[in-house]
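Visitor: Sharing a structure with you now.
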Amino acid sequence: MEKQKKKKKGFLTAFSIIFILIFALGLLSHFLPKAEFVDGEIVNGSGVVGASLSQILLSPILGFENAIDVCIFVLILGGFLAIVNRTEALETGIKVLVKKLKGRELVLIPILMFLFSIGGTTYGMLEETVGFYALLSATMVMAGMDTLVASAIVLLGAGSGVLGSTINPFAVGAAVSALPEGVDVNQGLIIGLGLVLWITTYLISTFFVMHYARKVIKKKGSTFLSLRERKNMEAEYGGHTSVNLDKVTLSKKQKITLVLFALTFIVMIVGFIPWGEFGINIFDKTTGWLTGSPLGSWYFYEAALWFLIMSVLIGFVGRTGEKQFVDTFIDGADDMVGVILIIAIARGASVLMQGTYLDNFIIYNAAEALRNVPIIVFTPFNYLIHVVLSILVPSSSGLMTLSAPIVGPLADQLGYSVETTVMTLVASNGLVNLITPTCGAIMGGLALAKVEYSTWARWAAKVVLTIAIVNIVILTVAMMIL
Numbered sequence: 233m234e235k236q237k238k239k240k241k242g243f244l245t246a247f248s249i250i251f252i253l254i255f256a257l258g259l260l261s262h263f264l265p266k267a268e269f270v271d272g273e274i275v276n277g278s279g280v281v282g283a284s285l286s287q288i289l290l291s292p293i294l295g296f297e298n299a300i301d302v303c304i305f306v307l308i309l310g311g312f313l314a315i316v317n318r319t320e321a322l323e324t325g326i327k328v329l330v331k332k333l334k335g336r337e338l339v340l341i342p343i344l345m346f347l348f349s350i351g352g353t354t355y356g357m358l359e360e361t362v363g364f365y366a367l368l369s370a371t372m373v374m375a376g377m378d379t380l381v382a383s384a385i386v387l388l389g390a391g392s393g394v395l396g397s398t399i400n401p402f403a404v405g406a407a408v409s410a411l412p413e414g415v416d417v418n419q420g421l422i423i424g425l426g427l428v429l430w431i432t433t434y435l436i437s438t439f440f441v442m443h444y445a446r447k448v449i450k451k452k453g454s455t456f457l458s459l460r461e462r463k464n465m466e467a468e469y470g471g472h473t474s475v476n477l478d479k480v481t482l483s484k485k486q487k488i489t490l491v492l493f494a495l496t497f498i499v500m501i502v503g504f505i506p507w508g509e510f511g512i513n514i515f516d517k518t519t520g521w522l523t524g525s526p527l528g529s530w531y532f533y534e535a536a537l538w539f540l541i542m543s544v545l546i547g548f549v550g551r552t553g554e555k556q557f558v559d560t561f562i563d564g565a566d567d568m569v570g571v572i573l574i575i576a577i578a579r580g581a582s583v584l585m586q587g588t589y590l591d592n593f594i595i596y597n598a599a600e601a602l603r604n605v606p607i608i609v610f611t612p613f614n615y616l617i618h619v620v621l622s623i624l625v626p627s628s629s630g631l632m633t634l635s636a637p638i639v640g641p642l643a644d645q646l647g648y649s650v651e652t653t654v655m656t657l658v659a660s661n662g663l664v665n666l667i668t669p670t671c672g673a674i675m676g677g678l679a680l681a682k683v684e685y686s687t688w689a690r691w692a693a694k695v696v697l698t699i700a701i702v703n704i705v706i707l708t709v710a711m712m713i714l
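Just add 232 to the spot in the sequence shown (first one is 1) and you have this note's numbering.
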């Protein structure tokens, strides 16, 4: 009699990983020194407030409140994509693209990753990438690759730009503005350092993604995804890989739909770039009539409204009836509920950190530890400390606001480069946001691509480690010579 095969245990889901982290943070708060308060204000770095059971349990729920703008955007994005998919314009357009690139599909990877990285370095493109996971998953699967390649293109592409932020107001801008008076920085040096970090990280990321994509094409199938993930991928994105591409053509309505689809994302990107920061004010008095805010001042509510408007316009072009439009839009929004749950629950960790003052405690004590180390150790130590902290506070603007007012002046007092210190904070936060489970955009995007977080973490580990080593070398050299 054959021995019964042992059932292989699966890895934890994204939900379980986040919940475990939240409970671990709550437990940790009871083993650290207790905070001291003077006139109702906490004495910085004195300690933390122990989390109550209700506070721990409520934090994922409060994550919805904290991430409501992103959740609404993703919900409407789902409806928008469903309306576009109903026209079959996107599906047909992908087939036409694959047909034209036959044998040269790999060229898409460096081009797309560079485009995403531009969005990352200029305005911190992250949550806005969620919709691209589904789009590129369909494209890559049809081109003979898998959804892990699609996820890597989006995440490492945009992430390399965020890590090497040059003018990103949510990272570099937030850090510089948080520095106290008297601590001056050279913006040119910050942009130069950001450019070096951006390009080196982009090249490393592209190398790893191209190497893996070639293996998938050569093996004619995914070489890293689990059997369950491959089945989910095939069910979601593999239904059209056997179509005869020679007979595929776009109708006039589908061409118009694709133009409108591209225009939707282009306008969104233009809307998010803070043009006023660069002295460009041409949009201020001419573009606010539709969404209430001019291009350059958009955030997720304005983007959500824009996607809703374009959904209606694309539905009109596709001659979708009122009932069909509403049903399709609701179905698309419904498909995003799981993504929204992950995004909101991931924010719960940050909510708990703030409520217990754990983030404040770590920053102040880290700064004290940095005070007594030599210059050659200062940057690597600072980088690693903020890698740990960024897992708990993935928001770049949140971390910069917390950390820059403490670490920046410390570097200035010690005679070290404040510019390098600022970019160390930005780069370490950007590194963590390539892999952390507390980043809702990562977890939500992977859910759309049908890639489990544990799979992504195992695949991306080598990439992230390589990037970290190169970052530390660049920043340490910069600290020594600036």
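Heads up, the beta-carbon is just placed ideally off N, CA and C, and yes, glycines get one too. As the structure is a computational prediction, the values presented were derived from the model and not from experiment.
Going by C-alpha to C-alpha distance, which of L367, M374, M345 and G553 sits closest to L333?
Guide: Check the Cα spacing between L333 and each of L367, M374, M345 and G553: the tightest is with M374.
Visitor: Following the continuous alpha helix (DSSP H) through C303, name the residue where it begins and the one where it ends.
Guide: I300 to R318
Visitor: Which partner residues of I274 appear in the DSSP bridge assignment?
Guide: F269
Visitor: Under the DSSP definition of a beta bridge, which residues are partnered with V280?
Guide: The beta-bridge partner set that DSSP reports for V280 consists of K266.
Visitor: Measure the alpha-carbon distance for G550 versus I699 and round it to whole angstroms.
Guide: 45 Å
Visitor: Along the chain, where does the alpha helix (DSSP H) containing R460 start, and where does it finish?
Guide: L459 to Y469
Visitor: Contact between the region 347 to 354 and the region 643 to 652 is defined here as three or more beta-carbon pairs at a separation below 8 Å; is this criterion met?
Guide: no
Visitor: Between F557, D559 and M357, which lies nearest to V386 when the distance is taken from Cα to Cα?
Guide: M357
Visitor: What does the Cβ neighbour count give for Q486, buried or exposed, with the cut at 16 atoms within 10 Å?
Guide: buried
Visitor: Taking all protein chains shown into account, do 16 or more other C-beta atoms lie within 10 angstroms of the C-beta of S248, making it buried, or fewer, making it exposed?
Guide: exposed
Visitor: Might you give, ordered along the chain, the residues of its own chain that have their beta carbon closer than 8 Å to the beta carbon of D566, omitting 5 neighbours on each side?
Guide: G310
Visitor: Could you spell out where the alpha helix (DSSP H) holding R446 opens and where it closes?
Guide: Q419 to K451
Visitor: Consider the C-beta atom of F610 and the heavy atoms of the ligand GTP; say whether any pair is separated by less than 6 Å.
Guide: Within the structure as shown, the ligand GTP is missing, as the structure has no ligands at all.
Visitor: Please go through the same chain and pick out, in chain order, the residues whose beta-carbon is closer than 7 Å to the beta-carbon of F593, but skip the five residues on each side of it.
Guide: L264, G277, G279 and V280
Visitor: I'd like to know if V428 contacts chain C, where contact means its C-beta is closer than 7 Å to some C-beta of that chain.
Guide: The chain labelled as chain C is not found in the depicted structure, where only one protein chain is given.
Visitor: Determine the DSSP secondary structure at M374, reduced to helix, strand or coil.
Guide: helix
Visitor: Please list the terminal residues of the continuous alpha helix (DSSP H) segment that includes A576.
Guide: V569 to T588
Visitor: Run through DSSP, which three-state label would L602 get?
Guide: Residue state, collapsed to three classes: helix.
Visitor: Let me know the secondary structure DSSP gives L395 once reduced to three states.
Guide: helix
Visitor: Have a look at I412 and F557 and give me their C-alpha separation to the nearest angstrom.
Guide: The sequence given here places Pro at residue 412; Ile does not occur at that position. The straight-line gap from Cα to Cα measures roughly 52 Å.
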